[in-house]
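Chains as they are written, first to last, in this note's numbering: chain A, -2 to 252; chain B, 29 to 178.
One structure is given below, encoded as structure tokens.
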Amino acid sequence: MYRPAARLADIEPFHVVELLTRARQLESEGRDIIHMEVGEPDFPTPELITNAAVNAINSGKTKYTQALGLPELREAISAFYRERYGVSVPASRIAVTNGASGALNLAFACLADPGSEWLLTDPGYPCNRHILRAFDGRPQNIPVGPETNFQPTPELLRQHWKATTSGLLVASPANPTGTLLTLAEIEALADVCREKNGHYPGRRDLSRADLRNRCTDRLRRRRRYLGHQQLFEVLSDDRLATWLDGHSGGLRTRR
Amino acid sequence: MTGWRLGWMVIPEAYVRDVEKLAQNLTLCPSTPAQYGALAAFEPETIALLESRRAEFRRRRDFLAPALEGIGFRITARPEGAFYLYCDSSALAEDSFTLAKDLLEKTGVAATPGLDFGSNEPEKHIRFAYTTGVDRLAEAVERLSRYFGR
């Protein structure tokens, strides 16, 4: 008997797949399709990376690693924070994950009680709210628009925060808009979360170089002021590369 | 390198043990070959290459945004990261899902309607990703201009 869990009613498929399927069909008929629906970079994986992976496979490095990742990779990430951002994040606090989505799975598994409510922006990346729902959390939408550059503000946060709210999830850059939060904006949101004793996971799929110093400040300040650091920083998306790649810097120019 | 499925998370100190327990039970570990590949992602040579790709994304955005606005799409968000433009298409079409289908059929340009991103006026929005070279983006702009008679 087909009887899926009730949560499945709240988890939607990607509607764009219908268009993708049609696009492929048109291509097979010889039409030239320009793909601007694809939400992933077109660049190939850098050769140094593919070579390293192939070498690992050929030399039998294909067994389990530690659950939080290869110690040397966690060290490399820690060194990257130090060198690029001038901030000390010990390797012990870094978890290597199956993409940023894997990290978000772990974060919500760790923080979301059944029925707990979490604030997310609408529009937003649908998987964020669906992952939350899969762990029996309840997404609460904050409708956002051009007035706030499609990001939440302290005013919106106070307006939507209820006694039952557990936390806020922010994304910078946000999908589908590509908008960023400044350090001041992030701090102001964090202040409200602290005041409400809420959690504050951030999805920073991609970053930007201009954020470097600010990011440094942010991490430093948070370490100083937040005793138990409610901040989970989910980094780098599904792509170590893209994180730097698409986003670390130049895209900052205000239009 | 999206298909490698690798990212990371910075965990608050107090939660490290909890996340480790969860990771042990939910995934055991991230893909091992992918992790060895990722070690090379932090080499200066790789980082220099990635920086040049970031610059290319900026170039594409700076080309595409004004071009789409010239056609009649409104870009009300300031796109400063990632690789897409979320456009208000309400001056051009009533429903962006139908618009996306029409654009695909009649111009061969595939874009993502707002429907996938929530319930806040999705019918008024469409997302164009600049995940293809400037020459192809220019071709898309030309086709769209013709389609809307601009």
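C-beta: ideal position from N, C-alpha, C; glycine also.
Starting from Val162 of chain B, find everything on chain A with Cβ-Cβ shorter than 8 Å and list it in chain order.
Taking the first residue of the second sequence as position 1, residue 162 of chain B is located at position 134. Ordered by position in chain A, no residue passes the 8 Å Cβ test against Val162 of chain B, which lies about 12 Å from the chain.
Could you name the residues that DSSP lists as bridge partners for Thr94 of chain A?
Numbered from its first residue, the first sequence carries residue 94 of chain A at position 97. DSSP output for Thr94 of chain A lists B:Gly35 as bridge partner(s).
What do you reckon, are the CB atoms on Ala50 of chain A and Pro58 of chain B nearer than 8 Å?
Residue 50 of chain A sits at position 53 when you count from the first residue of the first sequence. Residue 58 of chain B sits at position 30 when you count from the first residue of the second sequence. Against a cut-off of 8 Å, the Cβ pair of Pro58 of chain B and Ala50 of chain A comes out as no contact.
Which ranges does the alpha helix (DSSP H) cover as unbroken runs of at least 4 residues, wholly within the segment 136 to 174 of chain A, from first to last along the chain?
Listed in chain order, the complete alpha helix (DSSP H) runs (minimum 4 residues) inside the segment 136 to 174 of chain A are 151 to 157.
Quick one: what does DSSP say Arg106 of chain B is sitting in, helix, strand or coil?
Residue 106 of chain B sits at position 78 when you count from the first residue of the second sequence. Coil at Arg106 of chain B, not helix or strand.
Taking Cβ positions, are Thr55 of chain B and Asn95 of chain A nearer each other than 8 Å?
Within the second sequence, numbered from 1, the residue matching residue 55 of chain B stands at position 27. Within the first sequence, numbered from 1, the residue matching residue 95 of chain A stands at position 98. Closer than 8 Å, so yes.
Is the Cβ-Cβ distance between Arg102 of chain B and Ala119 of chain B less than 8 Å?
Walking along the second sequence from the start, residue 102 of chain B turns up at place 74. Walking along the second sequence from the start, residue 119 of chain B turns up at place 91. Yes, the Cβ-Cβ distance between Arg102 of chain B and Ala119 of chain B is below 8 Å.
Among the residues of its own chain, which have a CB less than 7 Å from the CB of Tyr222 of chain A, if the five just before and after it don't count?
Position 225 of the first sequence, counting from 1, holds the residue named residue 222 of chain A. Interpretation of Tyr222 of chain A is limited by its pLDDT of 24, a score under 50 that renders its predicted location unreliable; no figure is taken from the coordinates.
Bridge partners of His32 of chain A, per DSSP?
One-based indexing of the first sequence puts residue 32 of chain A at position 35. According to DSSP, which records beta bridges pairwise, His32 of chain A is partnered with B:Ala138.
Skipping 5 residues on each side, what residues in its chain have a beta carbon closer than 7 Å to that of Phe91 of chain B?
On the second sequence, residue 91 of chain B is found 63 positions in, with the first residue counted as 1. Val162, Leu165, listed in sequence order.
Just tell me which of A:Pro140, A:Pro10, A:Ala64, A:Arg155 has its CA closest to the CA of Asp46 of chain B.
On the second sequence, residue 46 of chain B is found 18 positions in, with the first residue counted as 1. For the residues A:Pro140, A:Pro10, A:Ala64, A:Arg155, the minimum Cα distance to Asp46 of chain B belongs to A:Ala64.
Between the C-alpha atoms of Glu72 of chain A and Asn53 of chain B, what's the straight-line distance to the nearest angstrom?
Here residue 72 of chain A is taken as the residue at index 75 of the first sequence, counted from 1. Here residue 53 of chain B is taken as the residue at index 25 of the second sequence, counted from 1. When rounded, the distance between both Cα atoms is 23 Å.
Would DSSP call Arg87 of chain B helix, strand or coil?
Here the question's residue 87 of chain B lines up with position 59 in the second sequence. Looking at Arg87 of chain B - three-state DSSP - the assignment turns out to be helix.
Determine whether the beta carbon atoms of Ser75 of chain A and Ile91 of chain A lie at a separation below 8 Å.
Start at 1 with the first residue of the first sequence, and residue 75 of chain A comes out as number 78. Start at 1 with the first residue of the first sequence, and residue 91 of chain A comes out as number 94. Contact flag set, yes.
What number of angstroms, rounded off, separates the C-alpha of Pro150 of chain B from the C-alpha of Val14 of chain A?
By one-based count along the second sequence, residue 150 of chain B stands at place 122. By one-based count along the first sequence, residue 14 of chain A stands at place 17. Looking at the two C-alpha atoms, the distance is approximately 16 Å.
May I ask you to list, following chain order, the residues of the segment 129 to 154 of chain B that have a beta carbon less than 9 Å from some beta carbon of chain A?
Here the close residues are Lys129, Leu132, Glu133, Thr135, Gly136, Val137, Ala138, Ala139, Thr140, Pro141, Gly142, Leu143, Asp144, Phe145, Gly146, Ser147, Asn148, Glu149, Pro150, His153.
Could one say the Cβ of Tyr112 of chain B lies closer than 8 Å to chain A's Cβ atoms, at least one of them?
Start at 1 with the first residue of the second sequence, and residue 112 of chain B comes out as number 84. Taking Cβ atoms only, chain A reaches closer than 8 Å to Tyr112 of chain B, which makes this a yes.
Chain B beta carbons: is any one of them nearer than 8 Å to that of Ser25 of chain A?
Your numbering for residue 25 of chain A matches position 28 in the first sequence. It does not; no Cβ of chain B falls within 8 Å.
Give the straight-line distance between the Cα atoms of Ala110 of chain B and Ser25 of chain A, rounded to the nearest whole angstrom.
The residue given as residue 110 of chain B occupies position 82 in the second sequence. The residue given as residue 25 of chain A occupies position 28 in the first sequence. Ala110 of chain B and Ser25 of chain A: Cα-Cα distance of roughly 30 Å.
For Tyr112 of chain B versus Pro143 of chain A, is the C-beta distance shorter than 8 Å?
Translated into the one-based positions of the second sequence, residue 112 of chain B becomes position 84. Translated into the one-based positions of the first sequence, residue 143 of chain A becomes position 146. Taking 8 Å as the Cβ cut-off, Tyr112 of chain B and Pro143 of chain A do not qualify as a contacting pair.
Report the three-state DSSP secondary structure of Glu109 of chain A (helix, strand or coil).
Position 112 of the first sequence, counted from the first residue, corresponds to residue 109 of chain A. The sequence shown places Ala at residue 109 of chain A, not Glu. Residue state, collapsed to three classes: coil.
Taking all protein chains shown into account, do 16 or more other C-beta atoms lie within 10 angstroms of the C-beta of Asn55 of chain A, making it buried, or fewer, making it exposed?
For the purposes of this step, residue 55 of chain A is taken as the residue at position 58 of the first sequence. Classification of Asn55 of chain A: exposed, given that the 10 Å Cβ count is below 16.
Counting only the same chain and skipping the five closest in sequence on each side, list residues whose C-beta sits under 6 Å from that of Leu126 of chain A.
One-based indexing of the first sequence puts residue 126 of chain A at position 129. The identity of residue 126 of chain A in the sequence shown is Arg, whereas the question assumes Leu. Within the same chain, Arg126 of chain A has close Cβ partners Leu117, Pro136.
List the residues of chain A whose Cβ lies closer than 8 Å to the Cβ of Ile39 of chain B, in chain order.
As a first step, residue 39 of chain B is located in the second sequence; it is residue number 11 there, counting from the start. Within chain A, the residues near Ile39 of chain B are Arg90, Ile91, Ala92, Phe229.
Report yes if the C-beta of Ala121 of chain B is less than 7 Å from at least one heavy atom of the ligand FAD; otherwise report no.
Among the components of this structure there are no ligands whatsoever, and the ligand FAD is therefore not found.
Report yes if the C-beta distance between Gly121 of chain A and Ala88 of chain A is below 8 Å; otherwise report no.
Within the first sequence, numbered from 1, the residue matching residue 121 of chain A stands at position 124. Within the first sequence, numbered from 1, the residue matching residue 88 of chain A stands at position 91. In this structure, Ala88 of chain A does not lie closer than 8 Å to Gly121 of chain A by Cβ.
Could you pull the DSSP bridge partners for Asp119 of chain A from this structure?
Sequence index remark: in the first sequence, residue 119 of chain A carries index 122 (1-based). DSSP output for Asp119 of chain A lists A:Pro140 as bridge partner(s).
Which value, in whole angstroms, describes the spacing of the CA atoms of Val189 of chain A and Ile183 of chain A?
Residue mapping note: residue 189 of chain A aligns to position 192 of the first sequence, counting from 1. Residue mapping note: residue 183 of chain A aligns to position 186 of the first sequence, counting from 1. Their backbone Cα atoms lie some 10 Å apart in a straight line.
Quick one: which chain A residues come within Cβ less than 7 Å of Leu50 of chain B?
In the second sequence, residue 50 of chain B corresponds to position 22, counting from 1. Within 7 Å Cβ-Cβ: Leu103, Ala106, Cys107.
Work out the CA separation of Asp116 of chain B and Leu129 of chain A for me, nearest whole Å.
Translated into positions along the first sequence, residue 129 of chain A becomes position 132. Translated into positions along the second sequence, residue 116 of chain B becomes position 88. Whole-angstrom Cα-Cα distance: 28 Å.
The segment 54 to 65 of chain A: which residues have C-beta closer than 7 Å to a C-beta of chain B, in chain order?
Result list: Ile54, Lys58, Thr59, Lys60, Tyr61, Thr62, Gln63, Ala64, Leu65.
I need the straight-line Cα distance from Glu34 of chain A to Pro140 of chain A, nearest angstrom please.
Taking the first residue of the first sequence as position 1, residue 34 of chain A is located at position 37. Taking the first residue of the first sequence as position 1, residue 140 of chain A is located at position 143. Going from the Cα of Glu34 of chain A to the Cα of Pro140 of chain A covers about 23 Å.
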